[in-house]
Amino acid sequence: MKKQKSKKVHLMTGNEAVGEAAVRAGCGLYAGYPITPQNELTAFMSKRMTEKGRAFIQSESELAAISMVFGASVAGVRTMTSSSSPGISLKQEGISYLAGCKLPAVIVNVMRGGPGLGNIAPSQADYFQATKGGGHGDYRMIVLAPSSAQESMDFTISSFDLADKYRMPVMVLTDGMLGQMMEPVRLPVMQQPSSANQKPWALTGAKGRNPRFIKSLFLKPGELEGFNKLLQRTYKEIEKKEVRYEALGCSRAELIVVAYGSASRIARASVKDLRKNKKHIGLFRPITLWPFPEKVLKRLTKKAKKVLVVEMSSGQMLEDVRLAVGDDSKISFYGRMGGGIPAKEEIDKEILKCLR
Amino acid sequence: MPKVEKIFSKPKGLQDAPTHYCSGCGHGTIHRLVAEAVDELGIRERIIGIAPVGCAVLAYDYWNFDVTEAAHGRPPAVATGIKRVRPDNIVFTYQGDGDLAAIGTAEIVHAANRGENITVIFVNNGTYGMTGGQMAPTTLIGQKTATSILGRDLVRDGYPLKISEMLAVLDGVKYLERTAVHTPADVLKTKRAIKKAFKNQIEKKGFSMVEVLSMCPTYTGRSINGSIKWIKERVSKDYPLGVLKDATK
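Those sequence lines, one after another, are chains A and B. Read in our numbering, the first sequence has 344 at position 344, and its numbers run on one by one without any break. Read in our numbering, the second sequence has 390 at position 34, and its numbers run on one by one without any break.
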């Protein structure tokens, strides 16, 4: 069997890791618009996609970028766009259409502080937008949250696979810290766009077959509800099969810290440090933010006395944790907003407060 | 026995479907002209169409080749995505005036300016037919619509947008013609223009667009004959017919 990863280690930013992963996943078209803190990704793609003879377009707008991605997906080609928070808001139209037309695509959000123009510092304030809709209509999007450059690479590859498997948009949710921080990364094998997938629904020209139509418009009575039911069946299947998480020392923990992405890196340092003092603390890190690892978190937190949620937001994932745990009296929250990053010492303090 | 020859039939590019368009609407004719051009150029098995949001959103119910929908105004960006990954396919957008000249202004300008090797069929009927006859960017001064009940007012609403004239100055645009479908002669001219716009793409000559002035009797509040007269006497005066640019020679 072919080795999945090279032995050689490369030093690259999270943004570049996402880009290289897309190239290696056989992405045939990338479209993007400049916005900080994801610019390295667009610049990287302009070089790498061109080297590989694939399509790179710097679009006139975020709307156009997601629509170009829509077009490439219609044509059956793996495709990706990326942006940061304000730009992702603009892409919601296209994301809803991708969901409504059952089209695979990968969307990367390198989150920054908001609302509005906000700032360009790392943030996790787009959790609601990513996991609860964002665009119009009853749809879901698989959301993968990496916490390192290596995961940025690995999860981007997974995103292309999941998007194709379920014919839907998939989001890689990182932030300005993960995107711009350099770390060692091992590269996965290179896939060619043509071998990526044969898609029997794609528009390729009706040669020797009946014409195909891609649409999200269903006007006949009951037709749209039927289509929505079909989508919901897919989402139920994903909730069953695709939940991903990391649980560190949770089974006998008195306190479980729940955090994802950048916040989980800092929380991990606190948890590891305080465990040295014989404190029974666990770390639970959701990797798929949708589907949220609800069942496993419910089970793991049953015996724990306390649950501490740490986010770089006012408490967005907190709502999913509350639903999973089902006992608000156990739950504490620590959040930083507007691009603020919690220091390890701040989390240490919150953990010790919970254990008192 | 006299020799019998069939000289007129439904193009292969059209499905057998009852029309949803109103009486006197130009869309049916223009759909057919696209299908005839597709047949004559032998590209039915490699063409991919992009339907707009608007009256022609259901174009895929009529054409007998691959068609995708697009969000309102985005067909040129969707066409760009398709054409860049499938350069051997023939890709075209079919858009109304609201789609192309209002909500999708940025997309058409930049697709044209990039010189995308695509074909654009722009149907200008001066109103938003699908949503109930609101004022369009192309609505004439004084023209009454659902959102300009006293007539389009220059001070309040601004001038009719001459998007084709705007696009013609772009270096990326290789062919741009304005035609109409209110008389048989104009229908034939439109057919020739559409065919040329597709042929340009086949020959990799670059961005080609045909603006077709079309009738909307329902929302211009006119009879079918009145609508034909309206195009002849008013619309084609403000939007003169003819080749606006041909850089393909």
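For each residue, glycine too, the CB sits at the ideal point set by N, CA and C. Since this is a predicted model, take the numbers as computed values, not measurements.
> Can you find at least 3 beta carbon pairs, one from the segment 71–80 of chain A and one from the segment 18–36 of chain A, that sit closer than 8 Å?
Replying inline: yes
> CB serine 357/A to CB serine 313/A, shorter than 8 Å?
Replying inline: This structure does not reach residue 357/A, given that chain A is present from 1 up to 356, and the question cannot be answered.
>> Please identify, using Cβ separations under 8 Å, the residues of the segment 550–561 of chain B that lie next to chain A, in order along the chain.
In response: none
>> Below 8 Å on C-beta distance, what does phenylalanine 292/A contact in chain B?
In response: As a first step, residue 292/A is located in the first sequence; it is residue number 292 there, counting from the start. Within chain B, no residue comes near phenylalanine 292/A; the closest Cβ sits about 29 Å away, beyond 8 Å.
>> Can you list, in chain order, the residues of its chain with a C-beta nearer than 7 Å to that of lysine 3/A? Leave out the 5 residues immediately preceding and following it.
In response: What you label residue 3/A is simply residue 3 of the first sequence in a count that begins at 1. Confidence at lysine 3/A is low in this model, with a pLDDT of 46, below 50, so its placement is unreliable and no value can be given for it.
> What does aspartate 422/B reach in chain A if we use C-beta pairs closer than 8 Å?
Replying inline: Start at 1 with the first residue of the second sequence, and residue 422/B comes out as number 66. Ordered by position in chain A, the residues that pass the 8 Å Cβ test against aspartate 422/B are Leu203, Thr204, Gly205, Ala206, Pro211, Arg212 and Phe213.
> When you compare each of Val479/B, Leu496/B, Met522/B and Ala502/B to alanine 490/B by their alpha carbons, which one comes out closest?
Replying inline: Taking the second sequence and counting its residues from 1, the one referred to as residue 490/B is at position 134. A small fix is needed here, since residue 490/B is glutamine in this sequence, not alanine. Taking only the C-alpha atoms, the option nearest glutamine 490/B is Ala502/B.
>> To the nearest angstrom, how far is the alpha carbon of glutamate 425/B from that of proline 37/A?
In response: Position 69 of the second sequence, counting from 1, holds the residue named residue 425/B. Position 37 of the first sequence, counting from 1, holds the residue named residue 37/A. So the two alpha carbons sit approximately 32 Å from each other.
>> Could you check whether the Cβ of threonine 436/B sits closer than 8 Å to any Cβ belonging to chain A?
In response: If you number the second sequence from 1, residue 436/B lands on position 80. Output row for threonine 436/B: interface = yes.
> Looking only at its own chain, which residues have a Cβ that is under 6 Å from the Cβ of isoleucine 95/A, when we skip the five neighbours before and after it?
Replying inline: Within the first sequence, residue 95/A is the residue found at index 95, counting from 1. Contacts found: Gly135 and Pro169.
> Quick one, which of Ile587/B, Pro374/B and Glu401/B has its alpha-carbon nearest tyrosine 595/B's?
Replying inline: Position 239 of the second sequence, counted from the start, is the residue given in the question as residue 595/B. With distances taken between Cα atoms, tyrosine 595/B lies closest to Ile587/B.
> Using a Cβ cut-off of 7 Å, which residues of the segment 436–459 of chain B contact any Cβ in chain A, in chain order?
Replying inline: Thr436, Gly437, Ile438, Arg440, Val441, Arg442 and Asn445
> Does DSSP put glycine 32/A in a helix, a strand or coil?
Replying inline: Within the first sequence, numbered from 1, the residue matching residue 32/A stands at position 32. Reduced to three states, the DSSP call for glycine 32/A is strand.
> Within 10 angstroms of its Cβ, does methionine 171/A collect 16 or more other Cβ (buried), or is it exposed?
Replying inline: For the purposes of this step, residue 171/A is taken as residue 171 along the first sequence, with counting starting at 1. That one is buried.
> Can you find a C-beta in chain A that's less than 8 Å from the C-beta of alanine 391/B?
Replying inline: Taking the second sequence and counting its residues from 1, the one referred to as residue 391/B is at position 35. No, alanine 391/B lies away from the interface with chain A (no Cβ there is under 8 Å from its Cβ).
> Can you list, in chain order, the residues of its chain whose CB lies under 7 Å from that of phenylalanine 333/A, leaving out five sequence neighbours each side?
Replying inline: Taking the first sequence and counting its residues from 1, one reaches residue 333/A at position 333. Contacts found: Val309, Gly315 and Leu318.
> Is it true that the segment 413–422 of chain B meets the segment 201–211 of chain A, where meeting means three or more beta-carbon pairs spaced less than 8 Å apart?
Replying inline: yes
> Does the Cβ-Cβ distance between glycine 326/A and isoleucine 281/A come in under 8 Å?
Replying inline: Translated into positions along the first sequence, residue 326/A becomes position 326. Translated into positions along the first sequence, residue 281/A becomes position 281. The answer is no: Cβ separation not under 8 Å.
> Any beta-carbon of chain C closer than 8 Å to the one on valine 413/B?
Replying inline: The chain inventory of the structure shown lacks chain C, comprising the protein chains A and B.
> Thinking C-alpha only, which one of Lys518/B, Phe448/B and Thr483/B is nearest glycine 507/B?
Replying inline: Your numbering for residue 507/B matches position 151 in the second sequence. Comparing Cα positions, the closest option is Thr483/B.
>> Taking beta-carbon pairs under 9 Å, can you tell me which members of the segment 462–483 of chain B lie near chain A?
In response: Ala462, Glu463, Val465, His466, Ala467, Asn469 and Arg470
> Using DSSP with H/G/I as helix, E/B as strand and the rest coil, what is isoleucine 214/A?
Replying inline: Here residue 214/A refers to the residue found at position 214 when the first sequence is read from its first residue. Looking at isoleucine 214/A - three-state DSSP - the assignment turns out to be strand.
>> Suppose you measure from the CA of threonine 13/A to the CA of glutamine 180/A; what does that come to, to the nearest Å?
In response: Here residue 13/A refers to the residue found at position 13 when the first sequence is read from its first residue. Here residue 180/A refers to the residue found at position 180 when the first sequence is read from its first residue. Near 5 Å, if we compare the C-alpha coordinates of glutamine 180/A and threonine 13/A.
> From this set, Gln371/B, Ala412/B and Ala468/B, which residue's C-alpha is nearest serine 570/B's C-alpha?
Replying inline: For the purposes of this step, residue 570/B is taken as the residue at position 214 of the second sequence. With distances taken between Cα atoms, serine 570/B lies closest to Ala412/B.
> Between which two residues does the beta strand (DSSP E) harbouring tyrosine 127/A extend?
Replying inline: As a working mapping, residue 127/A is identified with position 127 in the first sequence. Note, tyrosine 127/A: premise wrong, no beta strand (DSSP E); alpha helix (DSSP H) at 127–131.
> Taking any Cβ of chain B, which residues in the segment 106–134 of chain A have a Cβ under 9 Å from it, in chain order?
Replying inline: none
>> Quick check on DSSP: helix, strand or coil for valine 591/B?
In response: Residue 591/B sits at position 235 when you count from the first residue of the second sequence. Correct three-state label for valine 591/B: helix.
>> Any beta carbon of chain A sitting closer than 8 Å to that of arginine 430/B?
In response: Taking the second sequence and counting its residues from 1, the one referred to as residue 430/B is at position 74. Judged by the 8 Å Cβ criterion, arginine 430/B is in contact with chain A.
> According to the neighbour-count rule (16 or more other Cβ atoms, all chains shown, within 10 Å of its Cβ), is serine 504/B buried or exposed?
Replying inline: For the purposes of this step, residue 504/B is identified with residue 148 of the second sequence, where counting begins at 1. Buried, since its Cβ has 16 or more Cβ neighbours within 10 Å.
> Which runs of the beta strand (DSSP E) spanning at least 3 residues fall entirely within the segment 67–98 of chain A, listed in chain order?
Replying inline: 79–83
>> I want to know whether the segment 589–604 of chain B touches the segment 515–530 of chain B - three or more CB-CB distances under 8 Å.
In response: yes
> Going by the CB atoms, is the gap between glycine 113/A and tyrosine 105/A shorter than 8 Å?
Replying inline: In the first sequence, the residue the question calls residue 105/A occupies position 105. In the first sequence, the residue the question calls residue 113/A occupies position 113. Here residue 105/A turns out to be alanine, not tyrosine, going by the sequence shown. Taking 8 Å as the Cβ cut-off, alanine 105/A and glycine 113/A do not qualify as a contacting pair.
> Quick one: which chain A residues come within Cβ less than 7 Å of alanine 427/B?
Replying inline: For the purposes of this step, residue 427/B is taken as the residue at position 71 of the second sequence. The contacting residues are Ser67, Glu93, Gly94 and Tyr97.
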